[in-house]
Amino acid sequence: MNKSWLVVRSRALPVSFRIDRRIPTILSILLFVTLTAMVVSVSYGEYPIPIISVIKTLLGLETGNPDYPFIINTLRLPRTLVAALVGVALAVSGTILQGITRNPLADPGIIGINAGASLAAVSLIVLFPNVPIAILPVSAFGGALAVAFLIYFLAWDKGSSPVRLILIGVGIAAVIGALTSLMVTFGEINSVSQALVWLAGSVYGRSWEEVWSVAPWFAVLVPLALGKARQLNALNLGDDVAKGLGSSLEWERGWLLAIATALTGAAVATAGTISFVGLMAPHIARQLVGSTHEGLIPVSATIGAMIVVVADLLGRSLFAPTELPCGVITAVIGAPYFIYLLVQNRKR
Amino acid sequence: MQPRPSLLVGLILSLLILLICLVVSIGYGAADISASTIYEALTAFDGSADHLIIRTIRIPRSLIAILVGAAMAIAGAIMQGITRNPLADPGILGINAGAAMAVVIAVFAFGTTDPSFYAWYAFLGAGAAAIAVYFLGSLGRGGLTPLNLTIAGAAISTFLSSVTTGILIFSQRTLDEIRFWMAGSIAGRDFTIVWQVLPYITLGLILAFALGKQITTLNLGEDVAKGLGQRTAWVKVAAAFSVILLAGSAVAAAGPIGFIGLVIPHVVRLLVGVDYRWIMPYSAVFGAILLLTADIGARLLIKPQELPVGVMTALVGAPLFVYLARFKVKK
Chain A
4 MNKSWLVVRS RALPVSFRID RRIPTILSIL LFVTLTAMVV SVSYGEYPIP
54 IISVIKTLLG LETGNPDYPF IINTLRLPRT LVAALVGVAL AVSGTILQGI
104 TRNPLADPGI IGINAGASLA AVSLIVLFPN VPIAILPVSA FGGALAVAFL
154 IYFLAWDKGS SPVRLILIGV GIAAVIGALT SLMVTFGEIN SVSQALVWLA
204 GSVYGRSWEE VWSVAPWFAV LVPLALGKAR QLNALNLGDD VAKGLGSSLE
254 WERGWLLAIA TALTGAAVAT AGTISFVGLM APHIARQLVG STHEGLIPVS
304 ATIGAMIVVV ADLLGRSLFA PTELPCGVIT AVIGAPYFIY LLVQNRKR
Chain B
30 MQPRPSLLVG LILSLLILLI CLVVSIGYGA ADISASTIYE ALTAFDGSAD
80 HLIIRTIRIP RSLIAILVGA AMAIAGAIMQ GITRNPLADP GILGINAGAA
130 MAVVIAVFAF GTTDPSFYAW YAFLGAGAAA IAVYFLGSLG RGGLTPLNLT
180 IAGAAISTFL SSVTTGILIF SQRTLDEIRF WMAGSIAGRD FTIVWQVLPY
230 ITLGLILAFA LGKQITTLNL GEDVAKGLGQ RTAWVKVAAA FSVILLAGSA
280 VAAAGPIGFI GLVIPHVVRL LVGVDYRWIM PYSAVFGAIL LLTADIGARL
330 LIKPQELPVG VMTALVGAPL FVYLARFKVK K
């Protein structure tokens, strides 16, 4: 056994997995950076709060300023938490999709799941402006699920093929985009404006309500994804190898697609369509820790959280007092990164 | 051109169908107008309400549909021909998104409210997006495969529409001004727009027809074309120029309407084979017919309201796209 692997086995639970020895170190560094970014994000705003006071308040210590706990706990912390959670969801979803399509350029946005969630949510905002905001995640989730199912169904031809999944995803996304623009065209101008902010992907004004409504999804889905890491490794070797290794191909692929879709649906429901995070995070993670999914998933999740938190911070600070939705920032960063990936991909 | 009488007859027949569609499109609407009245409005204009409707609303609208439909279809045919990609379409490959973003920037930053300037910005945006997608697509592993081009197009589209959305959030004025145009529509367009885009579309069409033979050769593969003595780089540049003229002016006139450029060339190839000297004129006529019919449908479906015609074409085009992705893309 090579010393660079760390094998974890539990006597009590039926789990065992092995990870690269580098991973705990890299993961803790990344977690530290992400937490720092979150603290900075909480401290920054129209009413700046010193970083040391932020940390004290978060730890429940007295800072001597009675305004701080309210601003931090009620206004800023939930927003930052939502950003981090959404980043995690998109990154894990992207990791899974890249694994099952074996295409390093797959991303929930590119294959149309985002579009389905958007259409459902925008239709709701525009057609029923008085509907309570809590329904929004449910409908976005339903939309994502419906589109993912449709794409998988259409790509099925004696088995699903990764290339068809991507191409059909792009086509379906275009149609759904047309229907979304139909909503934008005919809606009442104020609800359309609201829907657009949401379409661009934003964590503006998110409260504890959103954190609690979305947290259970993560609590269930992220461990599920981790549990499927070994199947992802097998699928990533190619359909024939995976079959040879005894993986029931279509069943696993369907499961993983469902997990990825549910994560994307939860993320889009909470924060709208934040693009390119699911593309970028897995790649950066792969460069750091290689392509075994046991390590890749947590590292990619942390990077995803970091990207969205930083994008939100940039969106608030670049053109203050006007806020840019963080989805616009991730798109502006993500597109050049995408180019870089294409070039890299050719060299390999 | 080889004499192919049956193809010539077919072309004349489809022109006749186009004419019938044109008459229906002019006659059909909130006020139904008979064919004889249409004829009188053209020959013996008497200033009555019907005649005014025909001359100032219905005819320009129908002409725009013909021009835009023909332009989009030919742009798609050229793109499919030179990239040998069955999924190429100005919408899928991000060219529409580029043109749309340039127009939105013009409205937002320079306060352009006169649609006559839209065309120039649309060319600029379409050109930049086309170059970017082509360049990016060829960077991928295996070169310009359908998969690489489609992914590059999707990524560029995502990026461009994010920026467009960002601008529209900044400025509700721009949003209100541009949102109907953004959905792709030919309603309420008047003759000024016809005259503005006509020269560019004509130029683009002439260029496309002239390139028919070269594109047929290029479609056999770049190596074959080079072997036959073709200077492929120049053909590609000329073809790209024609695509930008056609797609850019179509978007400027009608907003980003997708899928015509995808659907029509495939239908046409089924009928006339692989010779682009025939594919071009057929595509132009069929594209015009498709957009005219889609526009009539858009007026019919939720009368007295109107659907944007871009939604209609997407509904027609999507099933074909799925079919092509399933059966025509190898590997």
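Protein sequence lines correspond, in order, to chains A and B.
According to the working numbering, the first sequence holds residues 4 to 351 in order.
According to the working numbering, the second sequence holds residues 30 to 360 in order.
Glycine residues also receive a C-beta, built at the ideal position from the N, C-alpha and C atoms.
- Of the other Cβ atoms in all chains shown, fewer than 16 fall within 10 Å of the Cβ of residue 250(B); this residue is therefore exposed.
- Neighbourhood of residue 205(B) in chain A, by CB distance below 7 Å: 192, in chain order.
- Under the Cβ distance rule, residue 121(A) does not count among the residues neighbouring chain B, no pair being separated by less than 7 Å.
- By the Cβ-count criterion, residue 323(B) is buried, with 16 or more other Cβ atoms from all chains shown falling within 10 Å of its own Cβ.
- Taking the Cβ atoms as the reference, residue 329(B) lies roughly 30 Å from residue 199(A), outside the contact range of under 8 Å.
- Residue 203(B): member of the alpha helix (DSSP H) spanning 201 to 211, first to last residue.
- Taking all protein chains in view, the Cβ of residue 303(B) is surrounded by fewer than 16 other Cβ atoms within 10 Å, so the residue is classified as exposed.
- The beta-carbon separation of residue 300(A) and residue 203(A), rounded to 27 Å, does not stay under the 8 Å limit for a contact.
- Per DSSP, the continuous alpha helix (DSSP H) segment holding residue 29(A) begins and ends at 25 to 46.
- Between the alpha carbons of residue 34(B) and residue 241(B) lies a gap of roughly 18 Å.
- Note that the C-beta distance between residue 138(B) and residue 316(B) is not below 7 Å.
- Comparing C-alpha distances from residue 326(A) to each of 40(A), 208(A), 149(A) shows the shortest one belongs to 208(A).
- The beta-carbon of residue 294(B) is placed no less than 7 Å from the nearest beta-carbon of chain A.
- Per DSSP, residue 225(B) is one residue of the alpha helix (DSSP H) stretching across 220 to 239.
- Boundaries of the alpha helix (DSSP H) around residue 188(A): 165 to 189.
- Per DSSP, the continuous alpha helix (DSSP H) segment holding residue 255(B) begins and ends at 251 to 256.
- Just measuring C-alpha positions, the residue of 47(B), 180(B), 284(B) sitting nearest residue 111(A) is 180(B).
- Taking a 10 Å sphere around the C-beta of residue 243(B), we find 16 or more other C-beta atoms and assign the residue as buried.
- With distances taken between CA atoms, residue 96(B) lies nearest to 226(B) out of 246(B), 298(B), 183(B), 226(B).
- For residue 59(A), the enclosing alpha helix (DSSP H) begins and ends at 54 to 61.
- The distance from the Cβ of residue 277(A) to that of residue 188(A) is about 24 Å, inconsistent with a contact at the 8 Å cut-off.
- Under the criterion of beta carbons closer than 8 Å, residue 81(A) and residue 205(A) do not qualify as touching, at roughly 14 Å.
- With a threshold of 7 Å between beta carbons, residue 338(B) makes no contact with chain A.
- Rounded to the nearest whole angstrom, the CA to CA distance from residue 348(B) to residue 340(B) is 13 Å.
- Cβ neighbours of residue 91(B) within its own chain (closer than 7 Å, five residues either side excluded): 51, 54, 55, 321.
- Looking at the DSSP output, residue 201(A) bridges to nothing.
- A straight line joining the alpha-carbon of residue 94(A) with that of residue 303(A) spans about 6 Å.
- As the crow flies, the alpha-carbon of residue 183(A) is around 14 Å from that of residue 147(A).
- Excluding five sequence positions before and after residue 80(B), the CB atoms of its chain that fall closer than 8 Å to its own CB belong to 66, 69, 70, 74, given in chain order.
- Across the stretch 245 to 278 of chain A, CB contacts with chain B closer than 8 Å involve 278, in sequence order along the chain.
- At a cut-off of 7 Å between C-beta atoms, residue 167(A) counts as an interface residue with respect to chain B.
- C-alpha of residue 121(A) to C-alpha of residue 321(A): approximately 26 Å in a straight line.
- Looking from the CA of residue 274(B), the closest CA among 337(B), 261(B), 154(B) belongs to 154(B).
- Chain B has no Cβ within less than 7 Å of the Cβ of residue 52(A).
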